[in-house]
Structure formats: structure tokens, C-alpha cells
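Working notes, beginning with the structure itself.
Put into C-alpha cells, the structure is as follows:
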């Protein structure tokens, strides 16, 4: 079919629609086949294919590239696939993997729905494409959730195969990090017994003995067998080490509170990473003032929501940081009016800062081993739902919306404990000093949302129409707001530092 323009969202949606047409080929081993949809966009013309559309077992990408377009030149084509293309080595010789076929077709751009947890693929397909010069994007998060829901049975079986592979029962999953291997110099005695006990309590069965528990940790990539005995991996050391910085200097979370009189109070959280978020939150609650609100009940609600969101931010910083940057550590910098969380490393490719700034980054983890453990402890939403809901919950509680920026080499999360703190702290935005007292009250309301119209601002602040328009005009001139649209469709976007 022909299209007038290249619209990635519509093509992603088309791939998801095609996915459900996949045919389950007959299998005697009980193994579920994935439902996959693929879309090829080539100079304004699209074509589609689904798993087993023409022949049982044929991958959607193979059907599209080799059966439908084998004789076509695809140098400028763009491919969309709901599942990560299979990686080199995933197909039995002499078959080529889909990732190899994409590169041979000279396709230079692909959009991938979700990563394939099967140990024969498991991010290797994406990595092979990136290493071969193919630009990789990830589907929007809402579409990812549809893909995962449709492929629930396949994903569950694939995750079991991945766990067996980690234990040595099959093909090993892709190595995405040096920290998946044994940590040099580490022994089981270097792990914190209390932290391990707490983690062990999250399992309902299969860990009655220490040996069973160690085997479970090995499945999860936290231990590895070496010379007949288990030793911690790098991730096992980071997560559960008594003093992980003795072996990995980049480990830990460095905290600093700067008080209004200029005093600084440092505290470093250098034990098991799994304990750092709760320890940091307890420290800040004890040191920082309560938020400013009209009632004690509202104050309690705002305080609890703020610290819940901040804990999620700290978890994200620890889980998603780039531990290969050995000269940088996660940092927590607080004052009575602002808290900043700094995480070393740009977002893992192909996630962009633009997506992170919009709190709409798709699901892809740099350190899936750490992400799994934090999720098991209910400290992180493994599928990324925590990030998506952070702004929604902040807005519902009347809190200023959190913001992400990049100040190399750190991804920086900035949060304010209450609306009044935004105008009290002008270190990030000198334009705030130009606002009148009434305009500052208006700004404190605006930062609790993404955008607002003039009537909404007028009603919330109980202002005359002309005064409300003057406020919005003034804040637009100062670069605090961005005016979008015209006439009745006009609205104002909050510009965050």
C-alpha cells in the first residue's frame, strides 16, 4: 500500500496489528512461538508480513525480505518489527539469522518492539544491528505493553530458558556487561548476610537449603560457578556486597545535604546497593523540613508521595547507570528546597534523552540483572511503568513535576518537595527573580503540570482574565513558558531547566 509520508507511529501500530495475524505452527515440544508483525517502508510504499504467514516457522522478517522483496533494492527502506530480530547463531546452519539478513539487505534503520528474552537472542540481535551500523529505535511504550501482553506465553517460556542457560543448562545469553562475569577477588564471604536473607524471603519455594538458594542466585546472574564453587559476579557484588567499593570503586551512592546556612552534611551509602534507596530516604526524612501545605493531612500526603517518587528516582539511578564509567558514582545532592539525583552515563541506546525528558522512555534496561533484583524486591517496576507514572503521581499530589536533564556524564533528576520550593530555589533559573510575588504564586501552580490554558490559569489562581493573560505573557517573555497554538487552541507549555 502507498503512504504519503513517513509516520513512525502509524507504522508501529500497523506492525502490532499485523502481529496478531501470526500463525502458530504445529510443534511437538510444547514450545510457544512468538506472534510477530513486520512492516517494510520503502519510498512511501509499505508492505507487511507476520510470523508463519506463508510457511510454518518462517520469521516475519524473512518472509518480508526474502519471499516478498528478494529482488528489490532496499538501501533506503525502513523496517519495523514487533520483536527483536533473531541474532547470529540463533538459527541452525546454514540458515541466516534475521539480523544478518537485515544487514545484507543494506537496511540502515529499524524500529524494534521489544527485546527477545530467549537466550539465543536476548539483546544480541539489537547489538549486532547497532555494531553493523544500523540505526535502532524502540517502539512507544504503550505499544510495547500490547506486544508483551499478546506474547505472554512465549515471553514466560523464554525467560525460563534464559534462567536455565545462566545455570549452565543451555546456550548462554548475550553478555551485555563485564559485570555479568565473576568479580575478581570476590568470595561468598564478601556478600552481606542480612541483605541476602531479605532477598531470599521473596522466593516462595526452591530455596529451602543454602545450596538451592545459591543455585537460584546463579540462575539470576548473581553468582557463577568457578572451579567447583560459587563466587559473586560483578552485579552480585554491587547488589549484595558488604563493601562493594573495595572491589568496584564506582559502586555506591554519595549523599550531600546543603543547609540554608551553608553547612554541608555528607553521607555515603557504600554497602549493598539493594539497601541504599531506603537508607537514603530515611536519612533525608530525618534531616529535611516537611513540605509547605495548608493542612497537616495534605502535608503528610505530599511528603509521602515526594519520598516515594524520590526513592524510585534513586533506584533508577542505581539500576540504569553505566558502571563501566569507573571514575563516576551515583550522587544524591539535597537542600531544603531541592533534591538532585545524578546517574553516570547517557541513556542506553537507542533510548534518547528526549524520551527520558518526556518520561516516556520505552522499556529497555542497561543492567537487566540489577533491574530484575530490584523488581523482585518491589523496589522497581521492571517494565518501566514506574517512570511513566512518576509525573502523573506528582501532579495528582500537587507536587512540581520532576525533570530529567543530561549534564555529561550524568543523567540528572531534579525534584522539589513542594510548589513553594520552586520559587525559593532560583539556582537553575535566574528568570524567576524577575517575577512579581503574584506571578511567583502562579508559577508555583504551573510547575505542577505539563501545560495550561489561559482559562485554566485564571480559574486556578482566581484572577481577572487580563491579569492572567499578563502573567502568562510575562512568563513567556522570560522563557519560563512556551506558547503553542493560536486563538482558542492556545496553551502554554512549562519550560523546564
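In the UniProt record's numbering, the protein residues as written are 1 to 497. Ideal Cβ placement from N, Cα and C applies to all residues, glycine included.
Report yes if the C-beta distance between residue i and residue j is below 8 Å; otherwise report no.
{"i": "residue 442", "j": "residue 457", "result": "yes"}
{"i": "residue 199", "j": "residue 274", "result": "yes"}
{"i": "residue 238", "j": "residue 302", "result": "no"}
{"i": "residue 39", "j": "residue 22", "result": "no"}
{"i": "residue 335", "j": "residue 320", "result": "no"}
{"i": "residue 369", "j": "residue 203", "result": "no"}
{"i": "residue 102", "j": "residue 134", "result": "yes"}
{"i": "residue 136", "j": "residue 126", "result": "yes"}
{"i": "residue 51", "j": "residue 74", "result": "no"}
{"i": "residue 444", "j": "residue 422", "result": "yes"}
{"i": "residue 446", "j": "residue 452", "result": "yes"}
{"i": "residue 472", "j": "residue 454", "result": "yes"}
{"i": "residue 221", "j": "residue 242", "result": "no"}
{"i": "residue 318", "j": "residue 240", "result": "no"}
Assuming residue i is part of the beta strand (DSSP E), what are its boundary residues?
{"i": "residue 233", "result": "Neither: residue 233 is in no beta strand (DSSP E) and is coded neither H nor E."}
{"i": "residue 80", "result": "78-83"}
{"i": "residue 267", "result": "264-269"}
{"i": "residue 109", "result": "109-114"}
{"i": "residue 412", "result": "410-415"}
{"i": "residue 342", "result": "338-344"}
For residue i, which of helix, strand or coil comes out of DSSP?
{"i": "residue 325", "result": "coil"}
{"i": "residue 220", "result": "coil"}
{"i": "residue 399", "result": "coil"}
{"i": "residue 37", "result": "strand"}
{"i": "residue 383", "result": "Summary for residue 383: the model assigns pLDDT 48, below 50, so the residue's position carries little reliability, and this model does not support an answer."}
{"i": "residue 330", "result": "strand"}
{"i": "residue 226", "result": "strand"}
{"i": "residue 138", "result": "strand"}
{"i": "residue 244", "result": "helix"}
{"i": "residue 169", "result": "Residue confidence for residue 169 is low, a pLDDT of 47 falling below 50, so the modelled location carries little weight; the figure read from the coordinates is stated next. DSSP places residue 169 in coil when its eight states are reduced to three."}
{"i": "residue 8", "result": "helix"}
{"i": "residue 455", "result": "helix"}
{"i": "residue 478", "result": "coil"}
{"i": "residue 47", "result": "strand"}
{"i": "residue 42", "result": "strand"}
{"i": "residue 502", "result": "Outside the shown range of the chain (1 to 497) lies residue 502, about which nothing can therefore be said."}
{"i": "residue 95", "result": "coil"}
{"i": "residue 187", "result": "coil"}
{"i": "residue 27", "result": "coil"}
Which residue's Cα is closest to the Cα of residue i: the options?
{"i": "residue 402", "options": "408, 369, 473 and 496", "result": "496"}
{"i": "residue 216", "options": "372, 408 and 46", "result": "372"}
{"i": "residue 260", "options": "105, 288 and 68", "result": "288"}
{"i": "residue 124", "options": "107, 145 and 90", "result": "90"}
{"i": "residue 55", "options": "70, 128, 26 and 30", "result": "26"}
{"i": "residue 187", "options": "246, 220, 153 and 142", "result": "246"}
{"i": "residue 255", "options": "111, 277, 333 and 219", "result": "333"}
{"i": "residue 98", "options": "196, 484 and 66", "result": "66"}
Taking the alpha helix (DSSP H) that residue i belongs to, which residues open and close that run?
{"i": "residue 128", "result": "124-131"}
{"i": "residue 278", "result": "276-287"}
{"i": "residue 373", "result": "368-376"}
{"i": "residue 491", "result": "Premise fails: residue 491 lies in the beta strand (DSSP E), 491-494, not in any alpha helix (DSSP H)."}
{"i": "residue 196", "result": "193-200"}
{"i": "residue 421", "result": "419-424"}
Could you tell me whether the region 330-345 touches the region 304-315, using the rule of 3 or more Cβ pairs below 8 Å? yes
The region 460-468 / the region 414-421 touching (three or more Cβ pairs under 8 Å): No, the region 460-468 does not touch the region 414-421.
Would the region 74-90 and the region 10-27 be scored as touching if the rule is three or more Cβ pairs under 8 Å? Between the region 74-90 and the region 10-27 there are three or more inter-stretch CB-CB distances shorter than 8 Å, so the stretches are counted as touching.
Do three or more CB pairs link the region 58-67 to the region 112-119 at distances below 8 Å? no
Counting pairs of beta carbons, one from the region 246-256 and one from the region 326-336, are three or more of them closer than 8 Å? yes
Are the region 223-234 and the region 359-367 touching, with three or more C-beta to C-beta distances below 8 Å? no
Is the region 175-194 in contact with the region 143-152, if contact means three or more CB pairs nearer than 8 Å? no
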